[in-house]
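First residue of the sequence shown? That's 8 in this note's numbering, and the numbers climb one at a time after it. For glycine and all other residues, C-beta sits at the position ideal for the given N, C-alpha and C. Below: one structure, written as structure tokens.
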Amino acid sequence: MSSHPKAFLDVFIGDRAVYDQKQAEYKATAALLAKNHAVYGLPSSLEQLSEEQQQILAELNSSITIRFVAPEPLCAGRLVFNLDAAPGLARTRANFLALCTGEKGHCKNASNKKLHYLDSPLHRVVKDFVAQGGDVTRGDGSGGESIYGGKFNDDKEGLKRKLQRGSLAMANSGRNTNSSQYFVVLTDNETKLSRMNGKYVVFGLVEQGWEVLDKLNEVAGGADGKSTKPVWIGGCGTC
8 MSSHPKAFLD VFIGDRAVYD QKQAEYKATA ALLAKNHAVY GLPSSLEQLS EEQQQILAEL
68 NSSITIRFVA PEPLCAGRLV FNLDAAPGLA RTRANFLALC TGEKGHCKNA SNKKLHYLDS
128 PLHRVVKDFV AQGGDVTRGD GSGGESIYGG KFNDDKEGLK RKLQRGSLAM ANSGRNTNSS
188 QYFVVLTDNE TKLSRMNGKY VVFGLVEQGW EVLDKLNEVA GGADGKSTKP VWIGGCGTC
């Protein structure tokens, strides 16, 4: 491990079912064009079709929904974290890194669930406050499991760190209750953060992807943390 270990989370925002449907329609339209463009003297790219040519293509197969423009990608961007290399944070750091790679396999207490952040939701996004995720067992904040088989004690070194915008910290339900859940700070409001200092193990800071924090704040909910759109981790690992 390098002296400054890094991990990344690819944040996705939006309705996956709607996106998949639009993407399927776009691919079907592209396939229709690929099959017929030479015969009808059409461009080979959907983006190059004029309105008249679009109409010609649409009339070739009325059984499919025609979509000439690819749907907007759901990936809001990549958060790259610089993890605190302090020896006193070794257990917290190792836990997060392994959950990013998925190298530990499945949960001990929920054997049908993977110890992996991939596809896990950010179930709580509070405007101008925090984005919380990492519940790999239940996905709603009521579960989670560490690589140590349940919960583990606070690394006291992390309790000394002050929270700031972009801080990465372990979520908990009290002292010594760390699992897989984490949160990222969306605010630099010192009044809000001062109430949290000393209660959560802080072990990293955003190095790249600050704009993703803004995008998360745009879909954030109120005190209940229910975001206006689904938010989840579509990719994760170390770097």
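Could you compute how far the alpha carbon of residue i sits from the alpha carbon of residue j?
{"i": "residue 228", "j": "residue 220", "result": "14 Å"}
{"i": "residue 82", "j": "residue 163", "result": "35 Å"}
{"i": "residue 177", "j": "residue 171", "result": "14 Å"}
{"i": "residue 43", "j": "residue 49", "result": "8 Å"}
{"i": "residue 67", "j": "residue 73", "result": "10 Å"}
{"i": "residue 222", "j": "residue 21", "result": "11 Å"}
{"i": "residue 40", "j": "residue 58", "result": "14 Å"}
{"i": "residue 54", "j": "residue 213", "result": "37 Å"}
{"i": "residue 25", "j": "residue 154", "result": "34 Å"}
{"i": "residue 254", "j": "residue 190", "result": "Any property of residue 254 remains undetermined from this structure, which presents the chain solely from 8 to 246."}
{"i": "residue 192", "j": "residue 204", "result": "12 Å"}
{"i": "residue 209", "j": "residue 233", "result": "24 Å"}
Going by DSSP, which residues form a beta bridge with residue i?
{"i": "residue 239", "result": "19, 128"}
{"i": "residue 244", "result": "15"}
{"i": "residue 189", "result": "140, 177"}
{"i": "residue 232", "result": "According to DSSP, residue 232 bridges with nothing at all."}
{"i": "residue 86", "result": "16"}
{"i": "residue 211", "result": "90, 175"}
What's the call for residue i, buried or exposed, on a 16-neighbour Cβ count within 10 Å?
{"i": "residue 80", "result": "exposed"}
{"i": "residue 217", "result": "exposed"}
{"i": "residue 201", "result": "exposed"}
{"i": "residue 46", "result": "exposed"}
{"i": "residue 152", "result": "buried"}
Below 8 Å on the Cβ atoms is my contact criterion, and I expect residue i with residue j to pass it. Report the Cβ-Cβ distance as a whole number of Å.
{"i": "residue 129", "j": "residue 139", "result": "7 Å"}
{"i": "residue 215", "j": "residue 87", "result": "4 Å"}
{"i": "residue 121", "j": "residue 137", "result": "Contact doesn't hold; Cβ gap of about 24 Å is too wide."}
{"i": "residue 241", "j": "residue 19", "result": "4 Å"}
{"i": "residue 5", "j": "residue 104", "result": "There is no way to answer for residue 5, as the model of the chain reaches only from 8 to 246."}
Counting only runs that start and end within the segment 110 to 164, where is the beta strand (DSSP E) found for 3 or more residues in a row?
137 to 140
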